[in-house]
Amino acid sequence: MAASSASEYIKHHLGNLTYGQLPAGYERTCHGHDQTLNDATWTFACNAQEASDMGFAAFHVDSLAWSGGLGILMCFLFWLMARKASAGTPSGMLNFVEMIIEFIDTQVRDSFHGKSKLIAPLSLVIFCWVFLMNLMDLIPVDWVPLTFQWIMTTFFGWSAHEAYFRIVPTTDPNITMSMSICVFFLLVFYSIKVKGVGGFMAELSFKPFEAKGALGKIILLPINLVLEVLALLAKPVSLGLRLFGNMYAGEFVFILVAAMMGTWQAVAAWPWAVFHILVITLQAFIFMVLTIVYLSMAVEEH
Amino acid sequence: MNINATLIGQAIWFALFVFFCMKFVWPPISRALDERKQKIAEGLSAADRAERDLELAQEKASANLKDAKDKASEIIEQANRRANQIVEEAKDQARTEGERLIAKAQSEIDQEINRAREELRKEVSALALSGAEKVLAREVNRDSHKQLLDELAAQL
């Protein structure tokens, strides 16, 4: 494979199927013909430039569809098992689900000492959902995108290079950052709920450098505020970017292997896939544990 | 790598799934797990109790057995003693009865002997008398020798 086409291949694999609003007067070449948009239009982006020109008013349809689909599948399975759950002898799938729930319950009980009806199911969803999304990484990189490409070119008249499709939602920073921002809001909510607005502000203002007198406190306040706010903001950023970075790197290796070896990718991708199983599980677990830890830090008095 | 409204879409998914699991998945399953835990604990304590009960029952059973054995041996001993007693009594009775019968027979025999002797004596004396009368009829005067003859008859 020539270098330029390899780089095209990789870029194409890293682009999302984007549905968004293009501004009025936008000139584009799409589906084989040029056009100038009269009004602001909601449409699928035909290339990476268009996707970035859409700005914030755009959705990654593939990421949202896969994450939503996997989440619905997960919830459906859990719901089936929850209906079957009884104090009697569990069997088959229910056994497995109970094992997961017991495992997560243990994790939550170990680190979270407050009382909350939300945190355990939240951890369950995070662990299982992130795991499932990560798991998509093990599907050979070309199978689903090529199928999608075939459908779009055959039935909808798209050009092959316009059909972007990624099936691993966690390699999309939007997805991971969205989840970590949700966790961040929960963290702030719980902090304020337990300590009050004053307590929360005090925690940001009078630590880590403490002073006895009022004057000392005021002098140290700016430094404390900067440090603590940074530390607070670093939590969701690191949480989201850690997952994204790991999965993106893993995906990138698969794509590189596929770009270099073509049909023979299975030989080289297989060892990486085996190793990647560990990463997939570990990252899902880390995301969950850190969520629990952050929330327990939020509800604990220092 | 654009940051866009996908953030919001994913947040909606996230909230939906967490809400769903919080309402319909976690409570029934964790309730079932708790119930099972309780059931198992109850089962274990029941097993403990049953084991204790079994031990008690076994102790009671062995005590009962021992009692029964003691009683049985006592009864047997009593029966033996009674049997011996009965045998002794029967022996005594038999002996006394035998002695009585022997004594009775003896006295009857004695009586018979006496009677026979008496009769014999009478007959012999009569015979002797008649013999002597015949021998002495000619020479002996009955009256003069009467005393002698009576003496003889008394001696016989």
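These protein sequence lines map, in sequence, to chains A and B. Per this note's numbering, the first sequence runs over residues 14 to 315. Per this note's numbering, the second sequence runs over residues 3 to 158. For glycine and all other residues, C-beta sits at the position ideal for the given N, C-alpha and C.
Original post:
Quick one: what does DSSP say S65 (chain A) is sitting in, helix, strand or coil?
Top reply: Indexing the first sequence from 1 puts residue 65 (chain A) at position 52. Looking at S65 (chain A) - three-state DSSP - the assignment turns out to be helix.
Subject >> Residues of its chain near F298 (chain A), where Cβ-Cβ distance is below 6 angstroms and the 5 sequence neighbours each way are ignored >> reply: Position 285 of the first sequence, counted from the start, is the residue given in the question as residue 298 (chain A). So no residue of the chain qualifies.
Subject >> N- and C-terminal bounds of the beta strand (DSSP E) containing H147 (chain B) >> reply: Along the second sequence, read from residue 1 onward, the residue named residue 147 (chain B) stands at position 145. H147 (chain B) -> no beta strand (DSSP E), and no H or E assigned at all.
**OP:** Figure out for me which residue from A:V201, A:A272, A:F222 and A:I236 has the closest Cα to the Cα of L246 (chain A).
**Re:** Here residue 246 (chain A) refers to the residue found at position 233 when the first sequence is read from its first residue. Of the candidates A:V201, A:A272, A:F222 and A:I236, the one whose C-alpha sits nearest the C-alpha of L246 (chain A) is A:V201.
Original post:
How many whole angstroms separate the CB atoms of N187 (chain A) and Q296 (chain A), which I take to be in contact at a CB cut-off of 8 angstroms?
Top reply: Translated into the one-based positions of the first sequence, residue 187 (chain A) becomes position 174. Translated into the one-based positions of the first sequence, residue 296 (chain A) becomes position 283. With a Cβ gap of about 17 angstroms, N187 (chain A) and Q296 (chain A) do not count as contacting.
**OP:** Measuring alpha carbon to alpha carbon, tell me which of A:A78, A:V312, A:E111 and A:D52 ends up nearest K208 (chain A).
**Re:** For the purposes of this step, residue 208 (chain A) is taken as the residue at position 195 of the first sequence. Nearest to K208 (chain A) by C-alpha distance, out of A:A78, A:V312, A:E111 and A:D52, is A:V312.
Subject >> DSSP bridge partner residues for F57 (chain A) (one or two, in chain order) >> reply: Here residue 57 (chain A) refers to the residue found at position 44 of the first sequence. Looking at the DSSP output, F57 (chain A) sits in a beta bridge with A:Y32.
Original post:
Under 8 angstroms, do N29 (chain A) and S76 (chain A) count as touching if we go by C-beta distance?
Top reply: In the first sequence, the residue the question calls residue 29 (chain A) occupies position 16. In the first sequence, the residue the question calls residue 76 (chain A) occupies position 63. In this structure, the beta-carbon distance from N29 (chain A) to S76 (chain A) falls below 8 angstroms.
Original post:
Bridge partners of F72 (chain A), per DSSP?
Top reply: By one-based count along the first sequence, residue 72 (chain A) stands at place 59. Partner(s): A:Y32.
Subject >> chain A contact residues for E37 (chain B), given Cβ-Cβ distances below 9 angstroms >> reply: As a first step, residue 37 (chain B) must be located in the second sequence, where it is residue number 35. Chain A residues near E37 (chain B): S99 and A100.
Subject >> Per-residue contacts from G11 (chain B) into chain A (C-beta, under 7 angstroms) >> reply: Residue numbering aside, residue 11 (chain B) sits at position 9 when the second sequence is read from its first letter. Correct list: F72 and L77.
**OP:** Use the C-beta contact count for V89 (chain B): other C-beta atoms within 10 angstroms, 16 or more gives buried, fewer gives exposed.
**Re:** Along the second sequence, one-based indexing puts residue 89 (chain B) at 87. Exposed, because fewer than 16 other Cβ atoms sit within 10 Å of the Cβ of V89 (chain B).
Subject >> Segment limits, beta strand (DSSP E) that includes R122 (chain A) >> reply: Working through the first sequence from its first residue, we reach residue 122 (chain A) at position 109. For R122 (chain A), there is no enclosing beta strand (DSSP E); the enclosing alpha helix (DSSP H) covers residues G105 to S124.
Original post:
Does the distance from the CB of Y307 (chain A) to the CB of K248 (chain A) come in under 8 angstroms?
Top reply: Within the first sequence, the letter at position 294 stands for residue 307 (chain A). Within the first sequence, the letter at position 235 stands for residue 248 (chain A). Yes, these two residues count as a Cβ contact at 8 angstroms.
**OP:** List the residues that DSSP assigns as beta-bridge partners of H289 (chain A).
**Re:** For the purposes of this step, residue 289 (chain A) is identified with residue 276 of the first sequence, where counting begins at 1. Answer by DSSP bridge pairing: none, since H289 (chain A) is not bridged.
Original post:
Considering only residues of the region 55-115 of chain B, which uninterrupted alpha helix (DSSP H) runs meet the minimum length of 4 residues and lie entirely inside it, listed in chain order?
Top reply: You should have found no qualifying run.
Original post:
Cβ atoms of Y32 (chain A) and F57 (chain A): under 8 angstroms apart, would you say?
Top reply: By 1-based counting over the first sequence, the position of residue 57 (chain A) is 44. By 1-based counting over the first sequence, the position of residue 32 (chain A) is 19. In this structure, F57 (chain A) lies near Y32 (chain A), with their beta-carbon atoms less than 8 angstroms apart.
Subject >> Three-pair Cβ contact test at 8 angstroms for the region 82-91 of chain A versus the region 137-156 of chain A >> reply: Counting C-beta pairs with one atom in each stretch, the region 82-91 of chain A and the region 137-156 of chain A have three or more that are closer than 8 angstroms, which means they touch.
**OP:** May I ask you to list the residues that DSSP assigns as paired with R41 (chain A)?
**Re:** Here residue 41 (chain A) corresponds to residue number 28 of the first sequence, with the count starting at 1. For R41 (chain A), which the question treats as bridged, DSSP gives the partners A:Q48.
Original post:
Do F267 (chain A) and D150 (chain A) have their C-beta atoms closer together than 8 angstroms?
Top reply: Against the first sequence, residue 267 (chain A) aligns to sequence position 254. Against the first sequence, residue 150 (chain A) aligns to sequence position 137. With contacts defined by Cβ atoms closer than 8 angstroms, F267 (chain A) and D150 (chain A) form a contacting pair.
Original post:
According to the neighbour-count rule (16 or more other Cβ atoms, all chains shown, within 10 Å of its Cβ), is F178 (chain A) buried or exposed?
Top reply: Counted from its first residue, the first sequence places residue 178 (chain A) at position 165. That one is buried.
Original post:
Rounded C-beta distance between A61 (chain A) and A272 (chain A)? I'm assuming under 8 angstroms.
Top reply: For this step, residue 61 (chain A) is matched to residue 48 along the first sequence. For this step, residue 272 (chain A) is matched to residue 259 along the first sequence. Going by Cβ atoms, the distance from A61 (chain A) to A272 (chain A) rounds to 17 angstroms, so no, they are not a contact pair.
**OP:** With a threshold of 16 other CB atoms inside 10 Å of the CB of P235 (chain A), please say whether the residue is buried or exposed.
**Re:** For the purposes of this step, residue 235 (chain A) is identified with residue 222 of the first sequence, where counting begins at 1. P235 (chain A) comes out exposed.
Original post:
Which whole-angstrom value is the C-beta distance of F257 (chain A) and T183 (chain A), which I expect to be below 8 angstroms?
Top reply: Start at 1 with the first residue of the first sequence, and residue 257 (chain A) comes out as number 244. Start at 1 with the first residue of the first sequence, and residue 183 (chain A) comes out as number 170. In this structure, F257 (chain A) and T183 (chain A) form a Cβ contact; the two beta carbons are roughly 7 angstroms apart against a cut-off of 8 angstroms.
Original post:
Is it true that the CB of S218 (chain A) sits closer than 8 angstroms to the CB of L243 (chain A)?
Top reply: The residue given as residue 243 (chain A) occupies position 230 in the first sequence. The residue given as residue 218 (chain A) occupies position 205 in the first sequence. In this structure, S218 (chain A) does not lie closer than 8 angstroms to L243 (chain A) by Cβ.
Original post:
Roughly how many angstroms separate the alpha carbons of F213 (chain A) and S309 (chain A), rounded to a whole number?
Top reply: Along the first sequence, read from residue 1 onward, the residue named residue 213 (chain A) stands at position 200. Along the first sequence, read from residue 1 onward, the residue named residue 309 (chain A) stands at position 296. Rounded to whole angstroms, the gap between the alpha carbons of F213 (chain A) and S309 (chain A) is 14 angstroms.
**OP:** Output, in sequence order along the chain, the residues in the region 247-264 of chain A whose CB is closer than 7 angstroms to any CB in chain B.
**Re:** Per Cβ criterion, the list is empty.
Original post:
Roughly how far, in whole angstroms, is the beta-carbon of T54 (chain A) from the beta-carbon of E40 (chain A), given that I think they are within contact range, below 8 angstroms?
Top reply: For the purposes of this step, residue 54 (chain A) is identified with residue 41 of the first sequence, where counting begins at 1. For the purposes of this step, residue 40 (chain A) is identified with residue 27 of the first sequence, where counting begins at 1. Contact doesn't hold; Cβ gap of about 12 angstroms is too wide.
Original post:
From K220 (chain A) to P134 (chain A), what does the alpha carbon distance come to, in whole angstroms?
Top reply: Position 207 of the first sequence, counted from the start, is the residue given in the question as residue 220 (chain A). Position 121 of the first sequence, counted from the start, is the residue given in the question as residue 134 (chain A). Looking at the two C-alpha atoms, the distance is approximately 32 angstroms.
**OP:** Spatial neighbours of V74 (chain A) within its chain, please: CB distance less than 6 angstroms, with the 5 preceding and 5 following residues excluded, ordered by chain position.
**Re:** Taking the first residue of the first sequence as position 1, residue 74 (chain A) is located at position 61. Excluding sequence neighbours, V74 (chain A) sits near L30 and Y32.
**OP:** Name the two residues that bound the continuous alpha helix (DSSP H) containing R255 (chain A).
**Re:** Position 242 of the first sequence, counted from the start, is the residue given in the question as residue 255 (chain A). Its alpha helix (DSSP H) spans residues A227 to M274.
Subject >> Beta-carbon contacts of F72 (chain A) that lie in its chain and below 6 angstroms, excluding the five residues immediately before and after >> reply: Position 59 of the first sequence, counted from the start, is the residue given in the question as residue 72 (chain A). If we look at F72 (chain A) and ignore the five residues flanking it on each side, its Cβ neighbours are Y32.
**OP:** Output the distance between the C-alpha atoms of A118 (chain B) and V126 (chain B), rounded to the nearest integer angstrom.
**Re:** Position 116 of the second sequence holds residue 118 (chain B). Position 124 of the second sequence holds residue 126 (chain B). Rounded to whole angstroms, A118 (chain B) to V126 (chain B) spans 12 angstroms at the Cα level.
Original post:
Can we say the region 156-173 of chain A touches the region 48-62 of chain B, given the rule of at least three CB pairs closer than 8 angstroms?
Top reply: Counting C-beta pairs closer than 8 angstroms gives fewer than three between the region 156-173 of chain A and the region 48-62 of chain B, which falls short of the contact rule.
Subject >> Selection of the region 22-51 of chain B by Cβ proximity to chain A, strictly under 7 angstroms >> reply: For the region 22-51 of chain B, the set of residues with a beta-carbon nearer than 7 angstroms to any beta-carbon of chain A comprises F22, C23, M24, F26, V27, W28, P30, I31, S32, A34, L35, E37, R38 and K41, in chain order.
Original post:
Since I132 (chain A) contacts F125 (chain A) with CB under 8 angstroms, what's their CB separation in whole angstroms?
Top reply: Here the question's residue 132 (chain A) lines up with position 119 in the first sequence. Here the question's residue 125 (chain A) lines up with position 112 in the first sequence. Rounded, the Cβ-Cβ distance is 6 angstroms, consistent with contact.
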